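Numbers 1 to 449, taken from full-length UniProt numbering, label the letters of the sequence shown in order. To start, the structure itself, in structure tokens.
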Amino acid sequence: MGTISNDPPPTLIQDLKITTQNVSLIFPSRKTERKKSMFLSNIDKVLNFPVETVHFFPSHEDFPPHVAAEKLKTALSELLVPYDFLAGRLRSNPETGRLEIDCNSAGIGFAVASSDYALDDVGDLVYPNPAFGQLICKSVDSLEQDDQPLCIVQVTSFKCGGFAMGIVTSHVTFDGLSFKIFLDNLAAVAAEKPLAVTPCNDRLLLAARSPPSVTFPHHELDKFQDSNPPVIDATSEALDFKVFRLTSEDIASLKEKAKASAIGSHVSDARITGFNVVTALVWHCKALSWDNKESNLDRVSTLLYAVNIRPRLIPPLPMSYTGNAVLTAYARATCKEIDEAPFSRLVELVTEGAKRMTDEYARSAIDWGEIYQGFPNGEFLVSSWWKLGFDEVEYPWGRPKYSCPVVFQRKDIILFFPDIDDNNGVNVLVSLPSKEMSKFKTLFHKYLA
């Protein structure tokens, strides 16, 4: 049960031999009527870093790359009307000092490039190849640093007629769910259809209360030690990198394992989901692989993961809300409990994190961010791209062959990716120092046996 990609595939290309033909700006197709700036919530403002995704498409007779690129360019210009903030620029409000978006219609970036390879030459698209970063245009060189777009799209053609659409956005613009809706709308407009979903751009829906009221202890949050937020970057520590692949059969077995040990417990079958059982397994392996001379079974391990708060608020937030509407849930336990508890107990602890996320808890966390400068804090974060559905978007030239973020190795983030062949399978991407990885691998196999 469960397989591991120990090393990069033998056909992994480390240089995609990219040539950039053109970089330009795309502006809204017509003038937009909006007040000059967009408020950013306390969730948005701490996510001021880029998110890079790549979407691979096989060749299509009616839509060669240059035709698809023109379709995308036109569609993006149309989308910048309902998504007018995306054509703006980040700035600090001169009166309050608060981060906001200046909705100045300054445009987004658009690059056209080509690779000397065919798409099949690239190899395993699921394996996070650092070379995928070459499919992203990270900046528009003709613009100053403080005038860089919030979104840049690069279309890269391959020799076979396939192409990749690489997109970088500032995380302040979208969370995973709203970015999926953006892609659905992009596909619809490219097909000359109406918007799939009308976006809700009112970020004030997640404004802090006045006065702010923190009514819960927030163990998942920690104050900055100085005035500057931490930067998302790769560690200087040498890390091993492995992909742990769980099939749909593996996940079904984990669910049965949880149900079998849940008799007499408080965890219901409804809580024994694929995400919860895989997260419980990963938590067990990560917590017990900790390599520290002072480590012992009394050490408390804190797992973090994101929860969509749209349906949890009262009244519910529109599902079309474009901003970041996810908060960090947590689960805590001693390593002794993680080691000795039945699997159902670990699943129960994971589910309690999401169950804790009520309207009042979410509002309390948002208010916490109004009072303090802080960031999610725990042993590690599970970042799940598993069920976002980027590869289910129907473009005029078909669905992507595969969609994934560009990965940077961090030992405090474990990623869940969808599988390219098994719709209900998942790929767990883990980066750890060699000794810890060896323990993680042993625990992973032992737990699945």
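Every residue gets a Cβ at the ideal spot worked out from N, C-alpha and C, and that includes glycine. Quick caveat, the model's predicted, so the values are computed rather than measured.
First and last residue of the uninterrupted alpha helix (DSSP H) at residue i
i	result
P58	Where P58 is concerned, there is no enclosing alpha helix (DSSP H), given that its DSSP letter is neither H nor E.
N276	274-288
T32	No alpha helix (DSSP H) contains T32, which DSSP labels as neither H nor E.
I43	42-45
F343	343-355
K71	65-79
Spatial neighbours of residue i in its chain, beta-carbon cut-off 6 Å, leaving aside the 5 residues before and after
i	result
M357	V307, R312, A329
K336	L297
P372	Reading off the sequence, residue 372 comes out as Tyr, not Pro. The answer, listed in chain order, is K223.
L303	W283, A331
D233	With a pLDDT of 46 at D233, under the threshold of 50, the modelled position of this residue cannot be trusted; read the value that follows with caution. Taken in chain order, the list of residues that qualify is empty.
T322	S178, P199, N201
I152	G109, C137, V168
I18	A113, S115, Q134
M437	D240
P82	P199
For residue i: DSSP bridge partner residues
i	result
F440	DSSP, once it has assigned bridges, lists no residue as partnering F440.
N104	According to DSSP, N104 bridges with nothing at all.
Q154	A111, G166
R332	T302
R91	E100
F174	DSSP lists no partner for F174.
S431	F241
S37	D102
T19	S114
N308	V326
I314	Answer is none; I314 lacks a bridge partner.
F375	D222
V122	In DSSP, V122 forms no bridge with anything.
P50	S170
L388	None; L388 has no bridge partner.
S24	F110
G398	Y395
Other residues of its chain near residue i: CB distance less than 7 Å, five sequence neighbours each side excluded
i	result
L187	Residue 187 is actually Ala in this sequence, not Leu. Same-chain partners within the cutoff: V393, E394, Y395.
K257	F343
L415	S383, W385, V407, L429
A69	V112, V155
Residue i to residue j span [Cα, whole Å]
i	j	result
P230	G162	Caution is warranted here: a pLDDT of 48 is assigned to P230, below 50, making its placement in the model unreliable, and the coordinate value is therefore given only provisionally. Distance between the alpha carbons of P230 and G162 is about 38 Å.
S213	R363	8 Å
V277	D147	44 Å
N6	A287	With a pLDDT of 48 at N6, under the threshold of 50, the predicted position of this residue should be treated as unreliable, though the coordinate-derived value follows. When rounded, the distance between both Cα atoms is 21 Å.
A325	I43	7 Å
S29	E192	14 Å
F417	F27	33 Å
S431	T279	16 Å
P342	A354	20 Å
residue 461	S24	Residue 461 cannot be examined here, being either before or after the span of the chain that is shown, 1 to 449.
V172	D339	38 Å
F244	S139	33 Å
K36	L205	18 Å
G378	E220	6 Å
H60	H66	11 Å
P128	E52	12 Å
P194	P211	41 Å
E33	S105	11 Å
D184	K401	16 Å
M38	L86	10 Å
V300	D124	37 Å
F440	P433	10 Å
C103	A164	29 Å
T247	D422	7 Å
Host beta strand (DSSP E) of residue i (start-end)
i	result
P405	402-405
V140	Where V140 is concerned, there is no enclosing beta strand (DSSP E), given that its DSSP letter is neither H nor E.
L414	It should be noted that the sequence gives Ile, not Leu, for residue 414. First-last of the beta strand (DSSP E) with I414: 413-418.
S384	380-384
Cutoff 8 Å; reference residue i; Cβ partners in own chain excluding five residues on either side
i	result
G389	K180
I251	G274, V277, V278, N424, G425, V426
S142	V23
H218	S364, A365, W368
N93	S37, L99, E100
Within the region 182-263, note down every full alpha helix (DSSP H) run reaching 4 residues or more, in order along the chain.
248-260
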